[in-house]
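Chains as they are written, first to last, in this note's numbering: chain A, 7 to 434; chain B, 7 to 434.
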């Protein structure tokens with residue numbers, strides 16, 4: 007009985023991380039904007055001055071990853087070069103310039119009893135970030151945590167451990183240099199997966215978990231977590247071209263939404279076209295997809311139209327409507343009217359980003375309200391569903407949750423509101 | 007293999023409730039304010055016209071409860087009389103008069119790309135309410151669900167089944183009378199507890215669960231649920247009397263917070279007093295508690311002071327600081343300064359409602375920001391933490407969650423925001 011088991015050791019480790027984070031959170035929530043900005047700028051300075059050691063640490067990770075036979079895309083995401091470091095420094099400086107969401111009070115009104123009641127925006131508390139072997143996430147997530155006043159526990163992919171360790175060390179050194187409490191940024195150094203499992207259950211210490219990575223990682227986190235998770239799983243985004251759409255807008259939006267980037271969650275995966283306008287749209291649109299070698303998977307009516315126009319296509323299966331291709335593949339369906347489009351989206355969409363192209367005022371308004379998604383757009387490419395494009399200044403991820411925060415998550419998404427009451431001795 | 011098991015039957019039942027609710031939710035989110043108000047007013051009318059049948063159904067529940075030997079408090083909560091029915095009718099009429107939160111758009115700004123981005127407030131979708139044998143909750147919860155455009159699944163205590171059934175029937179009849187879709191309000195009629203367990207896991211259908219009742223019910227729901235839960239468990243509320251407090255305000259707030267009502271979550275359970283002012287405060291305050299027969303459980307320093315003043319008190323144990331008495335009992339602790347009070351609250355509080363009494367500007371501001379609770383107050387009784395007192399117009403419960411909604415939950419707490427984008431053909 008004198009030996010602690012491995013399980014106990016992991017539990018103690020998670021408790022020590024959690025306690026340190028909670029303690030730090032109590033200090034972080036009262037930091038002034040100036041102190042947080044100093045910390046960000048000092049972090050930027052330390053990273054600029056330590057390109058050499060960072061790239062050296064990264065080389066160890068890269069060597070091991072290559073030995074382990076990781077593929078080029080993996081190596082690419084793991085690699086830290088001068089350009090990436092300059093980008094991180096710029097991001098830290100940019101986050102310092104963003105408005106501080108913490109402490110702002112809204113809706114402050116006097117009630118009949120005489121008390122003034124408002125809502126004060128505050129840090130959530132303790133955030134845990136779980137991500138793949140992309141060391142840039144370590145700095146990007148820490149920067150947003152610092153500015154929003156949250157303590158953060160970082161669990162990056164184990165293949166990036168040397169890179170993450172030096173980056174986290176520099177961020178903590180920056181805190182010390184500007185006189186800020188320890189424990190705000192903690193890197194999980196015990197890489198056993200059981201520790202991740204325990205973190206995801208640590209409701210007493212951790213307020214929210216944000217997974218960042220592929221769908222496998224996100225759904226694993228979501229399934230294991232009893233702590234709330236800010237996440238999106240799929241991005242099965244639709245564009246519906248209404249019969250009263252402007253033809254040019256329809257074509258350029260449909261081309262952009264599919265082909266601007268293929269591997270992103272806000273790319274269009276299914277195109278819905280009102281059958282009354284389908285022939286005209288297809289004549290302009292399908293050649294553009296052909297030129298970009300986009301594979302078209304069509305409902306029978308769309309298939310017939312494509313055939314008639316001599317455009318290569320295949321018939322879509324039921325699975326196609328529920329697939330996020332993340333590739334130069336597009337499913338296409340003709341619909342009778344907007345209502346059928348809305349119902350298709352409700353049945354197959356992933357509540358991420360949905361678009362209508364129309365010149366009809368009433369239908370535009372109806373679509374915006376009736377479609378249940380984190381972002382609903384009229385006459386714009388779904389590729390705009392992005393924190394920077396929405397003016398958030400930064401983005402830590404995208405949420406398709408219904409509670410707390412939906413869509414791109416910036417600094418405000420890392421905060422919560424509490425009621426504040428200004429009284430003058432009132433009693434009930 | 008030709009018989010379905012009980013388990014399967016329950017699963018099918020929950021799926022049928024969930025599917026009907028989801029289908030209804032798609033219609034509810036596009037109802038106009040006028041349609042929702044008509045429904046509320048028609049519900050009020052049907053309840054006014056059916057006092058007889060409602061009271062008859064309630065009599066069946068009461069008879070059984072009495073046979074089962076339920077205590078007076080239970081019977082009291084279960085009983086529907088004329089007064090309660092008139093109150094419900096008034097509440098339905100009041101909710102009809104509240105502003106409709108759905109469809110409002112905030113923060114609509116034009117971005118550099120030309121797109122206009124804003125946030126539209128929408129119903130959450132499908133709410134499940136789990137509550138004890140208080141049939142009034144059936145109507146109150148349904149009224150807020152109707153106005154906020156949510157479908158609701160109601161699982162009231164089994165002892166109120168006859169009362170709940172007729173009330174739900176009238177609410178649905180009202181929907182039919184004003185031409186609104188079915189499935190918006192569903193009462194769980196299969197009362198096996200396994201059905202509750204399945205509902206709490208039904209993430210595909212249910213967006214949020216709100217338990218309403220004693221701590222036993224709430225923690226049971228919280229432990230079993232994988233669906234998000236809006237809840238509070240404890241209300242261990244503190245009042246800190248600072249050394250620069252106004253004596254009269256301090257005394258009247260401390261008396262009101264403890265003695266206005268004992269069994270409520272926003273009653274004070276622990277009083278923290280700066281030791282520099284304790285003697286003066288005690289001289290005015292303790293006799294008031296004595297007169298109301300409040301038992302005082304004191305830290306050694308407070309105990310000594312009470313003794314010296316000839317006021318009966320007992321010494322507090324460690325458990326007292328972590329106890330929600332819901333009774334005429336108060337724990338009292340003297341502290342060196344505000345910082346010690348804040349640390350005591352962080353250690354023992356339940357993040358519900360915390361109060362400072364002070365005339366010091368800087369300390370008031372610091373306390374408001376540093377204390378992590380759903381409501382933080384200066385110079386007001388914690389008893390004000392209430393949806394009606396905060397001007398929400400209605401209250402479905404109180405949340406001490408950090409995400410989504412904190413404090414009293416009204417109509418806005420039953421909604422969520424999605425991004426809406428108004429474009430003119432923009433692409434990236």
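Note that the Cβ used here is the ideal one computed from N, Cα and C, for glycine as well. Computed from a predicted structure; not experimentally measured.
*Going along chain A in order, which residues have a C-beta closer than 9 Å to the C-beta of residue 35(B)?*
In the second chain, the residue the question calls residue 35(B) occupies position 29. Within 9 Å Cβ-Cβ: 375, 376 and 378.
*Grouping DSSP H, G and I as helix and E and B as strand, with all else coil, what is residue 7(B)?*
Position 1 of the second chain holds residue 7(B). Summary for residue 7(B): the model assigns pLDDT 47, below 50, so the residue's position carries little reliability, and this model does not support an answer.
_Under 8 Å, with one C-beta from each stretch per pair, do the segment 52-70 of chain A and the segment 80-99 of chain A reach the 3-pair mark?_
yes
*asked:* Taking 8 Å as the threshold (C-beta atoms), are residue 197(B) and residue 164(B) in contact?
replied: Reading the second chain from its first residue, position 158 is the one you call residue 164(B). Reading the second chain from its first residue, position 191 is the one you call residue 197(B). Yes. Within cutoff.
_Contacts that residue 244(A) makes with chain B (C-beta to C-beta distance below 8 Å)_ = Position 238 of the first chain, counted from the start, is the residue given in the question as residue 244(A). Those do not exist, as residue 244(A) stays about 14 Å from chain B at its closest Cβ, beyond 8 Å.
*Would a check of beta-carbon distances place residue 358(A) closer than 8 Å to chain B?*
Position 352 of the first chain, counted from the start, is the residue given in the question as residue 358(A). Not one chain B Cβ lies under 8 Å of residue 358(A).
_If you follow the alpha helix (DSSP H) that residue 59(A) is in, where does it begin and where does it stop?_
Within the first chain, residue 59(A) is the residue found at index 53, counting from 1. Note, residue 59(A): alpha helix (DSSP H), 57-73.
*heavy atom of the ligand MN below 7 Å from residue 423(B) C-beta*: In terms of ligand content, the structure shown is empty, and the ligand MN therefore cannot be addressed.
*asked:* Just verifying my parser: in three-state terms, what is the DSSP assignment at residue 419(A)?
replied: For the purposes of this step, residue 419(A) is identified with residue 413 of the first chain, where counting begins at 1. Three-state result, residue 419(A): helix.
*Do you know how far the Cα of residue 348(A) is from the Cα of residue 270(A)?*
Here residue 270(A) is taken as the residue at index 264 of the first chain, counted from 1. Here residue 348(A) is taken as the residue at index 342 of the first chain, counted from 1. Using only the alpha carbons, I get a separation of about 23 Å.
*Alpha carbon to alpha carbon, how far is residue 313(B) from residue 278(B)? Give it in angstroms, no decimals.*
Position 272 of the second chain, counting from 1, holds the residue named residue 278(B). Position 307 of the second chain, counting from 1, holds the residue named residue 313(B). C-alpha separation (whole angstroms): 18 Å.
_N-terminal and C-terminal residue of the alpha helix (DSSP H) that residue 369(B) is part of_ = The count along the second chain starts at 1 and reaches residue 369(B) at position 363. Start and end: 367-376.
*How many Å lie between residue 207(B) and residue 333(B) at the Cα?*
For the purposes of this step, residue 207(B) is identified with residue 201 of the second chain, where counting begins at 1. For the purposes of this step, residue 333(B) is identified with residue 327 of the second chain, where counting begins at 1. One C-alpha to the other measures close to 35 Å.
*In chain order, which continuous runs of the beta strand (DSSP E) of length 3 or greater are located wholly inside the segment 307-352 of chain B?*
335-341
*Simplified DSSP state of residue 280(A), which is helix, strand or coil*: For the purposes of this step, residue 280(A) is taken as the residue at position 274 of the first chain. Correct three-state label for residue 280(A): strand.
*residue 398(B) in three-state terms, based on DSSP*: Walking along the second chain from the start, residue 398(B) turns up at place 392. Residue 398(B): coil per DSSP, three-state reduction.
*From residue 214(A) to residue 340(B), what distance separates their C-alpha atoms?*
The residue labelled residue 214(A) in the question sits at position 208 within the first chain. The residue labelled residue 340(B) in the question sits at position 334 within the second chain. Answer to the nearest angstrom: the Cα atoms are 35 Å apart.
*Put residue 234(B) into one of helix, strand or coil per three-state DSSP.*
Position 228 of the second chain, counting from 1, holds the residue named residue 234(B). Here DSSP, grouped into helix, strand and coil, assigns residue 234(B) to coil.
*Taking residue 166(A) as the query, report the chain B residues whose CB atoms sit under 8 Å from its CB, ordered along the chain.*
Here residue 166(A) corresponds to residue number 160 of the first chain, with the count starting at 1. In chain order: nothing, as chain B lies at least about 29 Å away.
*Could you tell me which residues DSSP pairs with residue 408(B) in its beta bridges?*
What you label residue 408(B) is simply residue 402 of the second chain in a count that begins at 1. None; residue 408(B) has no bridge partner.
*How far does the alpha helix (DSSP H) with residue 84(B) in it reach, from first residue to last?*
In the second chain, counting from the first residue as 1, residue 84(B) sits at position 78. Unbroken alpha helix (DSSP H) run through residue 84(B): 78-84.
*Where does the unbroken beta strand (DSSP E) through residue 385(A) begin, and where does it stop?*
Here the question's residue 385(A) lines up with position 379 in the first chain. Start and end: 381-386.
_residue 96(B), DSSP secondary structure in three states_ = Here residue 96(B) corresponds to residue number 90 of the second chain, with the count starting at 1. It is helical.
_Tell me whether the segment 352-371 of chain A and the segment 234-248 of chain A touch, counting them as touching only if at least three CB pairs, one residue from each stretch, are closer than 8 Å._
yes
*asked:* Strictly by DSSP, which residues pair up with residue 253(B)?
replied: The sequence position of residue 253(B) within the second chain is 247, counting from 1. Answer is none; residue 253(B) lacks a bridge partner.
*With C-beta atoms as the reference, is residue 370(B) less than 8 Å away from residue 427(A)?*
Position 364 of the second chain, counted from the first residue, corresponds to residue 370(B). Position 421 of the first chain, counted from the first residue, corresponds to residue 427(A). No, these two residues do not count as a Cβ contact at 8 Å.
*Skipping 5 residues on each side, what residues in its chain have a beta carbon closer than 7 Å to that of residue 153(B)?*
Within the second chain, numbered from 1, the residue matching residue 153(B) stands at position 147. Counting only Cβ-Cβ distances below 7 Å, and skipping sequence neighbours, we find 42, 46, 101, 104, 106 and 417.
*Which term fits residue 129(B), buried or exposed, when burial requires 16 or more other beta carbons within 10 angstroms of its beta carbon?*
Within the second chain, residue 129(B) is the residue found at index 123, counting from 1. Buried, because 16 or more other Cβ atoms sit within 10 Å of the Cβ of residue 129(B).
*Indicate whether at least one CB of chain B lies closer than 8 Å to the CB of residue 433(A).*
Looking up residue 433(A) in the first chain gives position 427. Judged by the 8 Å Cβ criterion, residue 433(A) is in contact with chain B.
*Per DSSP, residue 31(B) is paired with what?*
Here residue 31(B) refers to the residue found at position 25 when the second chain is read from its first residue. DSSP lists no partner for residue 31(B).
*Relative to the C-alpha of residue 146(B), which residue among 56(B), 126(B), 93(B) and 350(B) is closest?*
For the purposes of this step, residue 146(B) is taken as residue 140 along the second chain, with counting starting at 1. Ranking the options by Cα distance to residue 146(B), first place goes to 93(B).
*Going by DSSP, name the residue or residues bridged to residue 413(A).*
Walking along the first chain from the start, residue 413(A) turns up at place 407. Per DSSP, 405(A).
*Distance, Cα to Cα, residue 126(A) vs residue 391(B)?*
Reading the first chain from its first residue, position 120 is the one you call residue 126(A). Reading the second chain from its first residue, position 385 is the one you call residue 391(B). Cα to Cα, the separation comes out at about 15 Å.
_Contacts around residue 7(B), its chain only, beta-carbon distance under 6 Å, and the 5 residues preceding and following it disregarded_ = Here residue 7(B) refers to the residue found at position 1 of the second chain. Confidence is the limiting factor: at residue 7(B) the pLDDT is only 47, short of 50, which leaves the residue's position unreliable and the question unanswerable from this model.
*Please decide whether residue 203(A) counts as near chain B, where near means a Cβ-Cβ distance under 8 Å.*
Residue numbering aside, residue 203(A) sits at position 197 when the first chain is read from its first letter. Output row for residue 203(A): interface = no.
*What is the DSSP secondary structure of residue 87(A), reduced to helix, strand or coil?*
The residue you call residue 87(A) lines up with position 81 of the first chain. Residue state, collapsed to three classes: coil.
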